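One structure is given below, encoded as structure tokens.
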Amino acid sequence: MGAHWIHGPSERNPVFRLASHYGLLGPSAAKEENQQVEAGGHPLLRSITYGSSGKVLSPELVNSTHTLFSDLLDSTRIFLHANGLPVPSVGQYLRAEIARLAPTWEGDEDTKRLRLAILNACFKLECCISGTHSMDLVALGPFGEYTTLPGLDCTFPRGYSSLPDHMLSALPEGTVLLNKPVRTIQWQGSFREDGDTEKEFPVLVECEDGDSFLADHVIVTVPLGFLKECHQDFFQPPLPERKVEAIRCLGFGTNNKIFLEFEQPFWDPDYQFLEVVWEDESPLAEPSIDLEANWFKKLIGFVVIQPPEQHGHVLCGFIAGNESEYMETLSDAEVLSTLTRVLRTLTGNPDLPAPRSILRSRWHSAPYTRGSYSYVAVDSSGEDIDVLAQPLPEDASDPRPLQVLFAGEATHRTFYSTTHGALLSGWREADRLNDLYGATKPPYPAPRL
Numbered sequence: 400m401g402a403h404w405i406h407g408p409s410e411r412n413p414v415f416r417l418a419s420h421y422g423l424l425g426p427s428a429a430k431e432e433n434q435q436v437e438a439g440g441h442p443l444l445r446s447i448t449y450g451s452s453g454k455v456l457s458p459e460l461v462n463s464t465h466t467l468f469s470d471l472l473d474s475t476r477i478f479l480h481a482n483g484l485p486v487p488s489v490g491q492y493l494r495a496e497i498a499r500l501a502p503t504w505e506g507d508e509d510t511k512r513l514r515l516a517i518l519n520a521c522f523k524l525e526c527c528i529s530g531t532h533s534m535d536l537v538a539l540g541p542f543g544e545y546t547t548l549p550g551l552d553c554t555f556p557r558g559y560s561s562l563p564d565h566m567l568s569a570l571p572e573g574t575v576l577l578n579k580p581v582r583t584i585q586w587q588g589s590f591r592e593d594g595d596t597e598k599e600f601p602v603l604v605e606c607e608d609g610d611s612f613l614a615d616h617v618i619v620t621v622p623l624g625f626l627k628e629c630h631q632d633f634f635q636p637p638l639p640e641r642k643v644e645a646i647r648c649l650g651f652g653t654n655n656k657i658f659l660e661f662e663q664p665f666w667d668p669d670y671q672f673l674e675v676v677w678e679d680e681s682p683l684a685e686p687s688i689d690l691e692a693n694w695f696k697k698l699i700g701f702v703v704i705q706p707p708e709q710h711g712h713v714l715c716g717f718i719a720g721n722e723s724e725y726m727e728t729l730s731d732a733e734v735l736s737t738l739t740r741v742l743r744t745l746t747g748n749p750d751l752p753a754p755r756s757i758l759r760s761r762w763h764s765a766p767y768t769r770g771s772y773s774y775v776a777v778d779s780s781g782e783d784i785d786v787l788a789q790p791l792p793e794d795a796s797d798p799r800p801l802q803v804l805f806a807g808e809a810t811h812r813t814f815y816s817t818t819h820g821a822l823l824s825g826w827r828e829a830d831r832l833n834d835l836y837g838a839t840k841p842p843y844p845a846p847r848l
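Convert by adding 399 to the 1-based position in the sequence shown; the result is the number in my numbering.
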């Protein structure tokens, strides 16, 4: 329901290294040639593209249009650290370039309109990858700072949870407490355990069930969406204004999955992705804001879940933005009915059997996430990510340093939105504490964390 791929499975990716160490990957992921593929953060899947007219679109036209969009996306990197920007956002820049190039395209008017429709589908895919409603919300200047790793994106044969399961198995039983929501983190305090007049702790973590924990240090890994909504009450004293401003400015959006299970597959087993193109759409036209009537048009398509021997005949649709959040408000029956109608339209088969079951994520509705992952929004920058990652108290001379540390994907400047970015951010904060206690040595006691 959460992370799907290891993006960039190669030696620089700590998720890949851990998964390899635990023997969790399939044989193809370990191939050296697969680790050298430059996928640019996009899973390279054998695809078939369905148009809304009920026909399969020309692979030549689709592939050439995808290449055009990819080249335009790559060209945004020239604005990293640039003194001036032509426009504030990635979306505005891409649309301006498309408008400039469109008159030079070969082919008749129908072909040109279809190319624009395919480009519009590319925008939707990029919204899913960036975790945003619109690429108009993503800042152009810092966009090139996001770093992709080489490697042919792969999945865990036994699911992503197999990785944390193995990591947790090395810890003593009872170390990790689940279903223990935290209400407040009090820091800069002087807290004592009952009956202990000697040891003072600067941090008190209060849980919603009334339990509390005293600590020298706490690492906060909650999603940026939760911080945006709850930081005022979650931290006492409140966060410094500089950090509050970083939380406000950085972007955080929703990307959801919709799994559809079928009795029998209607798709060719040679394809791994069923792409969707609405042929009447264009990135140069104003998008519809009627969510009730058109939410399903934000769906980029369906990944075929492999292998069918293990999972059955399952498609996984991806949808981002306001449409994705609207989808969360609908019932399973409404979503299943709508997508059945969509698939019948796309395949041109009005008798296509309906899926027998549906399962979907609701990341925006979830109270402790309020979305999926972060992006650098217009009027923010990578510096805001660094500010978000800065431990508290800010004063380096404070005698009780590193009381509150911050980790999570939104705190990694170049790998935000990824699992490997989240993992590296946790290791970064652990290293801060290792350095602190490695430098001071005994007689200081081991910290309570």
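Cβ atoms here follow ideal geometry from the backbone N, Cα and C, with glycine treated the same way.
Treat the numbers as computed from the prediction; the structure is a model and nothing was measured.
{"Asked": "Can you give me the C-alpha to C-alpha distance between Pro664 and Ala438, rounded to a whole angstrom?", "Found": "28 Å"}
{"Asked": "List the endpoints of the continuous beta strand (DSSP E) containing Ser589.", "Found": "Here Ser589 belongs to no beta strand (DSSP E), and DSSP marks it neither H nor E."}
{"Asked": "Does Asn693 come out as helix, strand or coil in the three-state DSSP assignment?", "Found": "helix"}
{"Asked": "Can you name, in chain order, every residue of its own chain whose Cβ lies under 7 Å from the Cβ of Leu801, other than the five neighbours on each side?", "Found": "His616, Pro790, Arg831, Leu832 and Leu835"}
{"Asked": "If you reduce the DSSP assignment to three classes, tell me which class Ala719 lands in.", "Found": "strand"}
{"Asked": "Please look up how many angstroms separate the CB atoms of Val602 and Val581, rounded, as I've assumed it's under 8 Å.", "Found": "With 8 Å as the limit, Val602 and Val581 do not qualify as a contact, their Cβ atoms being about 12 Å apart."}
{"Asked": "Tell me the DSSP secondary structure of Gly450 in three-state form.", "Found": "strand"}
{"Asked": "For Thr839, which three-state DSSP category applies?", "Found": "Note that Thr839 scores 48 on pLDDT, short of 50, meaning its location in the model is unreliable; the coordinates nonetheless yield the value given after this. Thr839: helix per DSSP, three-state reduction."}
{"Asked": "Using C-beta distances below 8 Å, list every residue in its chain close to Gly407, excluding the 5 sequence neighbours before and after it, in chain order.", "Found": "Phe415, Ala438, Gly440, Thr547, Leu548, Pro549, Gly550, Asp552 and His819"}
{"Asked": "For the candidate residues Ile718, Ala402, Pro752 and Ala732, whose alpha-carbon lies nearest to that of His532?", "Found": "Ile718"}
{"Asked": "Taking 9 Å as the cut-off, decide whether the C-beta atoms of Ala765 and Arg827 are in contact.", "Found": "no"}
{"Asked": "What does the alpha-carbon distance come out to for the pair Pro798 and Phe590?", "Found": "15 Å"}
{"Asked": "Which same chain residues end up closer than 8 Å to Ser409 when comparing Cβ atoms and leaving out the 5 residues on each side of it in sequence?", "Found": "Phe415, Gln434, Gln435, Leu548, Pro549 and Gly550"}
{"Asked": "Looking only at its own chain, which residues have a Cβ that is under 7 Å from the Cβ of Ser488, when we skip the five neighbours before and after it?", "Found": "Met534, Asp535, Leu536, Val537, Ala538, Leu539 and Val777"}
{"Asked": "Once DSSP output is grouped into helix, strand and coil, what is the label at Gly652?", "Found": "strand"}
{"Asked": "Can you tell me which of the three DSSP states Leu548 falls into?", "Found": "coil"}
{"Asked": "Mark Glu733 as exposed unless 16 or more other C-beta atoms lie within 10 angstroms of its C-beta, in which case mark it buried.", "Found": "exposed"}
{"Asked": "May I ask you to report which of helix, strand or coil DSSP gives Asp834?", "Found": "helix"}
{"Asked": "Whole angstroms is fine: what's the gap from Asn654's alpha carbon to Ser723's?", "Found": "7 Å"}
{"Asked": "For a minimum of 3 consecutive residues, which ranges assigned as the beta strand (DSSP E) are wholly contained in the segment 444-492?", "Found": "446-450"}
{"Asked": "Lys579: buried (16+ other C-beta within 10 angstroms of its C-beta) or exposed?", "Found": "exposed"}
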